[in-house]
Amino acid sequence: MNKEWKLKLQMEFPFMKQNNVKEEHNIYRRWGFECSSGWYELLRNCCQQITDRYAEAGVPIDFVPAQIKEKFGTLRFYYGYEDAPCGIAAIDNLWDGTSIRFEPGNECDDEEKKKLRHDIAGIVRVAEERSKHTCEICSKQGIIRTDLSWIKTLCDSCYDARKIAIEEKKKERAEKAKEIYEEIQEKKNE
Ligand SMILES: [Zn+2]
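Per my numbering, residue 26 is the first one in the sequence shown, and the count goes up by one each step.
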């Protein structure tokens, strides 16, 4: 993600602060976002809604981002809470890309807290769903593309650009291989 936007998100939402410390075990705090800039607005919106939901509940924010990344072309936003760290966040079904998600929580949560945490799970889920229709590069409307070297959610123009780049790489590689082959043939004929 674009450096400026990364900083902006952290300024705007203190719970999103990174520390980039080598000893940090929290992947997000250590490495930050593992996705491209097209999802900035979607993530910003998600953080804003989380903030609003806490304000509505009138309690301090104890939400802890654990890892924010792209997987199988869509957003995965793993998180926990200060008293309920992120454990197993998801089980992915490799066959169809679906994923079973677990809502982090604590056995001691009272009804109010349970409700708050359930709503936050919903907010995160909506952001992840939106990523399935949002180009990860430029944020325009996109769809999941499965015929590239990597599964990606892309709009038409980013998809075309990616296709052309792959074709050019292929051509380059073929030319290089041809050159090497011809060199070998020449050497043989010497
Ligand atoms: Zn795009």
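C-beta atoms are modelled at their ideal positions from N, C-alpha and C, and glycine is treated no differently.
- Following the DSSP letters along the chain, one finds D172 in no alpha helix (DSSP H), marked with neither H nor E.
- For the pair of segments examined, the segment 164-171 was found to touch the segment 180-200: the number of CB pairs separated by less than 8 Å reaches three.
- Following the DSSP letters along the chain, one finds Q92 inside the beta strand (DSSP E) bounded by residues 88-96.
- At least 7 Å separates the beta-carbon of Y65 from that of Q92.
- Within the DSSP bridge table, the entry for R126 names A115 as partners.
- Going by DSSP, G147 is part of the alpha helix (DSSP H) stretching over 136-156.
- About 6 Å separates the beta carbon of Y106 from that of F88, a gap short enough to meet the 8 Å contact definition.
- Comparing alpha carbon positions, the residue from A109, P110, I116 closest to R101 is I116.
- Short note on I162: C-beta closer than 6 Å to some heavy atom of ligand 1.
- One Cα belongs to L67, the other to E208, and the distance between them is close to 52 Å.
- For ligand 1, no non-hydrogen atom lies closer than 6 Å to the CB of K195.
- As the crow flies, the alpha-carbon of L173 is around 8 Å from that of R187.
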